[in-house]
Structure formats: structure tokens, C-alpha cells
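Right, one structure below, let's go through it.
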């Protein structure tokens, strides 16, 4: 039997788990009428937003679908559609579950912490396993269809192009979803806080604030759907790039099929271990929520470590065969297995470092809390200092990962390490997607006037959610950085292939071997150009959040002015208007920055081509891909870690330190948190798909030029 | 006659101008007794700080002097000492003039704006022309001594190594001076403002604030001495690197002497045009201070454009000879002249872009001012957005500069363009060093209770100083980015030379040609490692300022508590203690981050050597040099432009917009300004010498390994 069917089976298992978990969540108590009313408003808003977002993306998508078909092939266009639709589906279904689990979590939290955790985590696990499962299924089934049913050879350009197009479809959804969702959620959060907490002096999630439903909607469309699309993309793109590398490195040998199967097999094995891992999430006797979540993660990681050994054995028919790639490098399946372990270690270290930089008990967060005592300015200075500093250790871990895995098995070793990192996406996303559910549960508890202890329980869950959110972002960006290197390798190998076979690919006639030497000024030009993209992109995204937040402030002020009964609790605010306004703002603001990474590779290529010819243009384009990784990695880590640290410094003060809530230090910490919001939830995480979309557009451009 | 004597003559001319200007400044009225008393305290503090700073650096310097002598040669060690001592002298003399010109500017401002501008600008011009003149003299005289009196061949390794060591000496001073001065000035500024303006509610520069003298001292040691050392270094290092490239590219031909003379000749010509340019700084009938300053800059630029043509003709004996370098590239002296023009254009564009991003009339500053209305958080968000965005256009200008000059005359063309950019350092530094003088003049006017109109005049001068400070930083960083590319080229060319002649340089036996291809993972490792340095460095610098500021806050609070008479104006605060405390803090905090770029190249080289051998280590080290440029350029531009924009957004509100002084918007803008302070005056500008010191240490490491 074709082993791909086993991969598909594992993918289907994740869907089965999802269905079981959804039924289990939906079967629990949905609380009283008031709670259901509020949850209904959140559901309605989130669905309306996502419907509109996907409609907008669909317009861009249909256009690109046509271009891909016209310039490449029908199969590439279908691949693009598969990637886009599955990515959208993972986010949409995850959100549907999330907005139904929130009210049930609030209800369960009124019984016990364990019950609340149980429902929230199960809801998160649906999203997590859908992300990993659908991504795996998408790639595996389409690969199976192309090779088994359409009869293409495994290493045929048609197969490679179609898989890359699948990755592009996923990327396109993820950049829009990350940005649009990020602008919505932080526009609502920042705007709502400014006008509610600061101006009107009412607490967060107070039902009198017209932006409060929008804030809860934002948690779902940004932190749940946006993040799901992001990791779906990272997963799909990395697996595809690893398969492409395998096809190129082992072109014409029997090993090619094994090398292309291996990343899928890793993904399949880890979907199963992730499902098992979810059952390890149980509150211990010490009531540590973080401990419960980590139990699930550690179980998955350890099981994966064990299971990947026989999987490797099965794929390669042993552990000590010598696999030799075209350039002469050779390694054994055992080496590849060790690369996978290195990927797991890198994941663990990045999680640990992120927790250090964003966790309340450690120096970084405490130093921000300390500096809040002397005011807003010093809080922000220290937060920026931490955000800059927080990039160093993750970068060193990535550097070590590159060195170790390259020495084990060359570039293919790096690719396998990243694939293994991402194979854990199921359980990692589960930890993260749990966050918006508990955040919403707290909001519903507040708005529905549930007893204080319910809010305390949801607050405890929410605080952990903040850390897991930061941790997942660190993981997503770390893996994206390494994943982008694999994409860059695919670009250079593809280019090598096309220039070496320029009698077939006539566009490449006379281009000759393309060098990426740093002493070539066009390489430097490409590095600088790539380097500026995350900065420009980040600047536009931050401005967009500021604008959306200002619009919210205006709208809430207007409602307070025109309906004086709201503040007295006698009149119901018009929640829908704030949601609607933010929807329009987010959709409008997401277009330009999303197109920046899509169009930049084309601009750089054709501009340098016009100035200095094809060879220089390919050099500059390749260097640009690496430039965007080099600065993007630092920009993204600094933003997400810094934002998380600011957030928890505020929480640390709210826990009664440095004067607690209402003190001057607390006000300064609120400012820091506000600054960190778009840093960590809009600009920072969106850099991640931005890096990869730049790379994948370059790969597609090569394919189109070769066509 | 050896044309080098003409270069030396031009250098001496700048000293003569300096002496004349000092006499002229010192001859003017030094104001009343109270003013002189205050100025005396500032002088004392600044001298005490610099003496202590230089003593500390001297300890490090003597150690390195010994190492360079031991590992390289006596001449290299002497070169190191020359670079270090001249750089220190430029800063020290500039500061001596600056602290004497401040009180005279205050006195002159009580007569007329033109008189105040005259003295302040003349004082700044002393620093500016000393920087350019001493750097030029240092390089030219030492080159003359080595080749003419010591009899070394021009392209002898001894000459190259000694000149590189001279650059290293300058770099070492500049990183310490930039960081130490930056931490002092911003510690005083942020700490003084927090405790004075915010807590005690007294205005800036109020004599009751014990940190007020320290704040004024800081302007001199940071913005004057620190900046002077920075540009001295950029100038010296760039000229040296261009000469080294010339020696390598034209090795063994007659052109080598011309190519090594040419950068010195450009510097010499532009010192003269800068001196002439200073006389064009005159207040027009419209009373525009910025206009007056720009007249001086434009006159210098236009004169340079004209003069460089005959200079090029003289150096190369015509404009249409064909100069061919070792790799086959050939160009004419006319091409080199055009590269020089490109350098002038890049300078003009960067100045124009920086003014757009930091000037009050334009969108960026106004958008920050607007967002201050909704609070501290939105002010900071918008400021960060602008700081990110502000990197894009300068990067594009640099990219265009690279493409144009490379197409004209290869790497040597890029080097000539940067040399020409920096040849204008005399006049550009003059514009900048004028800032601290007027800033101090305002402080003295306030403390000495001079009539309000005097303060208004000095405030008008100071506002312009803020813009010219930002402009100079943009210029310094832009030229440093391009200059570092020249250093990187010197590294790769040196390495090529050593590996090709490994029978002489036995350390390089078996290393083979070193590749810097991006597909080499050690190159990627180097890029990431280099990339993290500006982030880590920036994080440490920001933390240091926060700590120093907190110490100031504590000290001032203590004085207010222990001497209750201070606030009533009955008791004199102990200014000296604040100065002394900051001195100790700044010196202590500057050591570790300063050593980061010195030691990192060694760590990377020996670590990768241990793991993967010499070839990989040289690749990683080279890539690290480029990595530090790629992220450093963006970090530095974003910090300096963002900080300038925050500062002027505050000024814009203080001019009566959005509620003016004392409004909530103003409070938010003060927060933004506080955040921007260490961004623009400590971390951002210090990244600039950091980039170059990394590069030059790598060059020295090569020389030592070859030895």
C-alpha cells in the first residue's frame, strides 16, 4: 500500500478528534439567558467580520487563481485554491468553536477551575488539531492525487509548482487574516480601553462600554482565527519546502520518494502524539494551570521523540543507509532523526526563553514593573530595552540549531528539523487557542454579572493564556525564521536547476550560475531591500491600529454623548456599530500592507533586471529573501516578547505590587500595555507570514519565468 | 613636491580656522557674574566627566596598545595611539569651546538673534573643522611618515595595518564617548525631567533642580564631545578603508599611489570648502535660522562639486585615463568624480528625508502630535510607527547610491562616494555642534533669570538645533552604513590576498578561497549573529539610561528631602553630587556594551573555527560584518528619526497646538519625548560606531592572523 494513505489516515484522525471535542464542548452547560445573549452578540460579530474578511480575500484570491492558472497551470491554480480554502476553513471552524466555548467556559468556571480549564482547552485543541490535520491532509492528499491519480512523476515540475502554489494559497490567507484580525482586535482593545478605562473610568469588559463586544470579537478573529491561519501556513509551507528540497536533492534516485514522504510522515506521527498529548492536560493537586498545559506539551514532545525513531526506520527501510545528495553530502536516516530531535530541542528552548522574557516571576517583567514607579516614560523605555534584548537568546538558539543540523545532514537536515518543530503545531496551537476562549469567558462573566469568584477563576486562566500566547508567537517566529531558510534554499536550488537546464527553460539561457556572494553589490542591495520590508510593514501596521483605535474612541464618545442613559445603565449601547465600524476599518487597512510582500519580489526582480540584467536580478531577489528574514526575525521577536512583557508587568502591578491597581505605577503600566498591544498582536505576528509570503512569491516567480 | 604636503596644508588650515574662531568667540562678552558662575559649574562638570571618561578609556587603550604592538608591530600600535588621541582631542577641544561659548551666546542673544547665532555657530564650527581637520591630518601625516620617512612601500602591509590600527583607535574612543556621553546626558535629562517637571512641578532648567547643571553638562559631553568622536571615527575609518581598497585594487601599478592619494585629496579640498561655507551662514531678512544654516551647507556642497573636478584632474593627471583594477573592472577619473557627486546627492537626500520625518511642518511629527490627544499610549504607538517607517526612504537612497556608484566604478566607486559624503563632515558637524551651545545658552538664561525675550531667542535657536541634530545623525548613520560596506569590501579583499599568498601568510595555508554565498549556512549564521548585535547593544544601552535616570531621581529626591530650603529658593542644591553620580554611573555602564562589538568578532571567529574550521570561520565572520550593518542601519535610523519626531511633536504642542503646554496632550507628548531621548541620543547614535568597530576589529584580526 502507498504509505501516503497512512498519512491521510492520521490526518483524518485529527478531524475525528475535532468532531469528538466539538460535540463534547457543545454538550456542556451554556449558562443563563444573559450569558447566552452576550455570547450570541460576540458570535454574530465574529462571524460577520470573518465573512467580510474572507469575501475581500476571495476577490484577491480569484484574481491570483486566474493569474496562476494562466501563467503556470490548472493544477497549480487548484493547489493555490486548496491551500487558501483549507487555511480559511481551519481559522473559521476554530473561531466557530471558540465563540461557543467561551460562554460554556464561563459557566464551567462557576463550578471549578478544572472544569473551566477542561472546556477552554478542549476548544483550543479543536483549532490546534484542525490546523495541523488540515494542513497535513491538504498537502498529502493533493500530492497523492497528483502522483497517484494524475500520474505525474514525484519530482515533476508540475508537482513541485502545484505544491508551492498550495503554500502560496495558505500564505495569502494568513497575511490577510493576521493583519486584518490584528488590526480589528487591537483597534478594539486600545480604543475601548482609552475611552472606557481612561476617560469614562469604567472597568474593562463593562457592559456600558459600546466597544466591549467588539473587544471580545477581536480576541476570536485575531488571536484565534488569525493565529490559526498563520500556523496553518507555516506548517504547510515548511512541509512543502522540505518536500521540494527532497525532490531536488535526490532527483533521479529512489531516495527522492522517501525524502518527499518523510516530512509528511513526521507530520502524521506528530498529529497522533498531539492528540494523545491533549489527554495529559489535567490540573494537578497544586492547581497550576501552566503546569497542566505543559504536561500536555511535554507528553507530546516525549512521545514524538520515541515514535519518530520507528517512523524514520519505516520510511527509509533502516537507520544506517547512506543517503547521498547531488552535491556530494551524505548522511544516514539516523542523522535525520537526530535533526528532528534538534528541532524538538529548539522548540523547547524557545518556549523556555519566551517564558523567561514574558513571565511575571523573572527579571525582565519585574524590571518593567519597577520602572513604572517613575512614570510612563521610564516604563516604555524599559519595555523597549527588554524587547530589544529579548531577541538575542532566540537568535543564538536558531544559530545553534542551524549549525548542529547542517553538520548532521546539510540543508536537508535543517529542513527536517523545522518540519519536526512544526509537527508539534497541533498541541502548541491548542495551548494558544485556549487563550481567547478564557479571555472571552472573563468578559462574559463580567458583563453577565456573575459572582466575583467566577471572574477570579477566568482571570487565572486568562493570565496563563497571556504567557502561552507569547510562547506560541515565539515558536511561530522561530520556526518561521528557520522555515524561511528552507524556502531560501529551495529558491537557490530551483534556480540552479533552471540555469543548468536552460535549453529546456529558455528564459534562463545565458543567465549562467547565479552567485549570492556578499561581495556582490546586488546581493547587498537585495539584503537592504529585504531588510526594510519588515520595518515599513511594521510601521504601516502600527499606524493602522492607531487609526482604528481613534475611530473607536470617536464612536464610543458619540454614543456616550447621544445616549446619556448608557452610563447610568438604563440604555443599551449599540455594540453592533462599533463592530461594524472596526470591520470596515480593519478590512480597509489590511490591503496595502498585505500586498507589500506579494509585490516587492516582483518589483525588485524587474527593477534590477532593467538596470543590470537577469543574473544580477536573481542575485538581488535571493538576497532580498534573506534580508527579510534577518531583520524580520528580530523585529518580530522584539515586538512579541516586548509586548508580552509589558502586558504581564501590568498584571504584576495589578496583583498588588508597586501600589497595585489605581496607583501611578499602574497607570504607567497601562500605557506600556497599550503600546505593547499592537506590537505583540498586530505588527509582530504579521511579520511572520510576511517573511514567508515574500519567499514563496519568489519561488512562484521562478516557476512562472521557467514556464 | 609630494602632493601629500598639500593635503597636510589644508588640514593645518582647519586648525588655523579653529584658532581664529576660538579667539573670536572668547573675545565676546561673557555676561554677568551669575551667568559666569553657572557656566563655570557646567565647565567644571564637563571637564571632570571627560577627564574621568578618558582616564577609563586610557586604561583599556593602553592594554590594546600593548596587544597591537605585541601581535602586529610598533607602527600599528603608534597608529592606534594617533587615532585614539586625535579623536579624543577633537572631542575635548570642541567641548572646551562649547562650554565657554554657551554663556557668551546667552549674552549675545540678549542683543539680537543674529549675534546669538553668530557665536553659537562659530563655536560649533570649531568642533566641526577640528573633527574633519584632525582626522585628515592624522591619516595624511601618518601615511606620509610611513611612506616618506620610514621608507615603506605605499601598499606595504605595514602601511595598511598601521592605517587600519589608526582607524581602530578612533573607533574605540568613539564607542566609549558615544555611549558614556549618551548615558550621562540622557540619564540627566530623563531623570531631571521626571523629578523636576513631573514630581516637583518646576520648569526645565530651573536652578532649584539639583540635576539641572548635570543636564547642561550632558549636552556638552554627549551631543558635542560624543558626536565629535563619532564623526571623527567615521571620517578616519572611511578614508583609511578607501585607501586600503585603493592599495589592494591597484596593487603593483602606478595608479596605486593616485588611488591612495585621492580620498585624502577629496578630504583636503572639502576642508577648504567647508571653511568657506561657514562664512555663508548669515541670517537673511526673513530671520530663518534654518535657512541661514542651510546657506552654509549648500555653499559648501556646491563649491565642493566644482572644486572636486580639478582635484580629480590633478590627482589622476586627466579625466579620461583608463584605470583598471585587478578583477578587470575599469573606469575613468571622470567616473570617480561622478561617484563623488553621487555621494553629495545622497547626503542631500538623507538630510531632506530626515528633515521630513523630524520637522514640525510635516505629516510624521503632526501625526504623533495628533495621537497625543488620545493619551500616552497612542502617542508612543504612533511614534514607534513613524520610527519604523522612517527607515524605508533612507534605505532606498542608500540602495540607489550603491547601484549608481557601483555601475560607475565598482566597489572603489562606492568607497569614493562615501569619502565625499564624509568630506563634508566639517560643515555638517558645525551645524550640529551648534545645538548644545544654544541648548546650554537657554539653560543659563533661565538659571540666571535673564529677561524672557533672551530665553525666546535661545529657544528659537534651540528648536533648530533639534532638527540639525537629527539631520546629522541621519547623515552619520547613512554614511556609516555605506562606509561599513567599504570596510566589508576591505575585509574580503584582504582575505583574498592572504589566501592567495598563503606561502607567505602561513596561517592561511589550506584555507582556500573563502566564499560568502548566502547558500552557505555559516554565512547565514554570521548574518544572524551580526544581526543580533545592534539589538542586544541597544537593549543594554536603553537599560543603562533607565538605571542612570533612576539614580538621578533618587538623588534629587534625597536633596529635596534633606534640604527643604531648596524648593523655596533659600538653599543652593548640591549640583556637583548629581554630576559626580552620573559620571560614575555612565562610566560604569559604558564598559560592557562597548566591549560587545570589540569581542564579538573574536568569539565568532574562534567558535566557528573550533566547530567547522578556518574557511567556515572566515565566512561566518565576514557575514557577521554585513549582518551588523543590515540590522544596525535600520535600528539606528529608526531610533534617531523616531526620537527626533517625538521631540518635535512635543515642541509642536508647546507652540499652542492641541491644547498647548499643560494639556493632557502635552503630558502624553512629554512621555513620547522621554522615550525618544535614549532612543535618539544614546542607543541609536552609538549603533553607528558599533557597526564600524565590529568591522575594523575583523580587519585587525586578519592582520594579526597573517602576522
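Chains as they are written, first to last, in UniProt numbering: chain A, 1 to 707; chain B, 1 to 707. For glycine and all other residues, C-beta sits at the position ideal for the given N, C-alpha and C.
query, result
"State yes or no: is the beta carbon of residue 392 of chain A nearer than 7 Å to at least one beta carbon in chain B?", "yes"
"Listed in chain order, which residues of the segment 544-566 of chain A have Cβ atoms closer than 8 Å to some Cβ of chain B?", "545, 546, 549, 550, 553"
"Could you give the distance in angstroms between the alpha-carbon of residue 161 of chain B and the alpha-carbon of residue 169 of chain B?", "12 Å"
"Taking 7 Å as the CB-CB limit, is residue 406 of chain A close to chain B?", "yes"
"Is the CB-CB distance between residue 32 of chain A and residue 441 of chain A below 7 Å?", "no"
"At a cut-off of 6 Å, is residue 204 of chain A close to the ligand PLP when judged by its beta-carbon and the heavy atoms of the ligand?", "Judged by which ligands are present, the structure shown has none, so any question about the ligand PLP falls away."
"Give me the DSSP bridge partner(s) of residue 324 of chain A.", "A:330"
"Considering just the uninterrupted stretch of the alpha helix (DSSP H) at residue 666 of chain A, what are its terminal residues?", "664-678"
"Just reading off the alpha helix (DSSP H) that residue 455 of chain A is part of, what are its end residues?", "452-500"
"Going by beta carbon distance, what residues of the same chain come within less than 7 Å of residue 272 of chain B, once the five residues before and after it are set aside?", "10, 13"
"Chain A beta carbons: is any one of them nearer than 7 Å to that of residue 699 of chain B?", "no"
"Closer than 7 Å, CB to CB, is residue 318 of chain B near chain A or not?", "no"
"Can you tell me whether DSSP reads residue 120 of chain A as helix, strand or coil?", "helix"
"Tell me whether residue 708 of chain A sits in a helix, a strand or coil according to DSSP, three-state version.", "Because chain A spans 1 through 707 in this model, residue 708 of chain A falls outside it and cannot be assessed."
"Give a yes or no on whether 7 Å exceeds the smallest Cβ distance from residue 389 of chain B to chain A.", "yes"
"Within a Cβ cutoff of 7 Å, which residues of the same chain sit near residue 141 of chain B, ignoring the five residues on either side of it in sequence?", "8"
"Going by DSSP in three states, residue 392 of chain A sits in which element: helix, strand or coil?", "helix"
"Would residue 628 of chain B and residue 705 of chain B be called neighbours here (beta carbons separated by less than 7 Å)?", "no"
"The alpha helix (DSSP H) spanning residue 161 of chain B covers which residue range?", "157-193"
"Which of the residues in the segment 612-636 of chain A, read from start to end, lie with their CB under 7 Å from any CB of chain B?", "622, 623, 626, 627, 630, 631, 634"
"Opposite residue 517 of chain B in the DSSP bridges: which residues?", "A:517"
"When you compare each of B:240, B:190, B:70, B:264 to residue 713 of chain B by their alpha carbons, which one comes out closest?", "Any question about residue 713 of chain B goes unanswered here, given that chain B covers just 1 to 707."
"How is the alpha helix (DSSP H) around residue 235 of chain A delimited, first residue to last?", "227-249"
"Just checking: is the beta-carbon of residue 674 of chain B within a distance shorter than 7 Å of some beta-carbon in chain A?", "yes"
"Interface residues of chain A around residue 515 of chain B at Cβ under 8 Å?", "517"
"Under 7 Å between beta-carbons, which chain A residues line up against residue 678 of chain B? List them in chain order, please.", "381"
"What is the DSSP secondary structure of residue 211 of chain B, reduced to helix, strand or coil?", "coil"
"Give me the Cα-Cα distance between residue 436 of chain B and residue 418 of chain A, rounded to the nearest whole angstrom.", "52 Å"
"Along the segment 186-197 of chain B, where does the CB come closer than 7 Å to a CB of chain A? Name the residues.", "190, 194"
"Consider the Cβ of residue 521 of chain A: report whether some Cβ of chain B lies at a distance smaller than 7 Å.", "yes"
"On the three-state DSSP scale, how would you describe residue 106 of chain A?", "helix"
"With a threshold of 7 Å between beta carbons, is residue 535 of chain B in contact with chain D?", "Among the chains of the structure shown, chain D does not appear; the protein chains present are A and B."
"For residue 239 of chain B, is the classification buried or exposed, using 16 other Cβ atoms within 10 angstroms of its Cβ as the cut-off for buried?", "buried"
"Using a C-beta to C-beta distance shorter than 9 Å, which residues of chain A count as neighbours of residue 385 of chain B?", "538, 539, 540, 541, 542, 543, 544, 545, 546, 678, 683"
"Could you tell me which chain A residues have their CB closer than 7 Å to the CB of residue 529 of chain B, listed as they occur along the chain?", "399"
"Under the rule that 16 or more other beta-carbon atoms within 10 Å means buried, what is residue 707 of chain B, buried or exposed?", "exposed"
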